[in-house]
Amino acid sequence: MSRISVSSCGMFIRFFIWRAPPKRKPPNLTRAELLMRMQVYQKKLEVLELKKIYWTNKLQRLSSQCETNPFR
């Protein structure tokens with residue numbers, strides 16, 4: 001069983017670090033599949049917007065508590 005020398009291992013690592021990722025071709029989707037994907041991403045966006053509202057309100061409540069009770 002042969003061992004990999006440090007120099008060859010370094011070349012091996014450099015080869016994989018500098019190699020560009022393979023280009024992916026976009027899949028050929030039908031109009032119905034594209035609309036379905038669009039609806040999925042729209043729903044995800046709506047959920048994120050609701051989470052943003054929730055966390056913004058929570059942050060405001062916490063900051064107002066800190067201002068009214070600094071030594072609580």
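For the sequence shown, the UniProt record's numbering gives the first residue as 1, with consecutive numbering after it. Note that CB positions come from ideal geometry on N, CA and C, so glycine has one too.
CA-CA distance, Val47 to Asn69, rounds to 33 Å. Judged by DSSP in its simplified three-state form, Thr56 adopts helix. The C-alpha of Asn28 is placed about 23 Å away from the C-alpha of Lys43. In this model, Arg31 and Gln65 are separated by some 51 Å (Cα to Cα).
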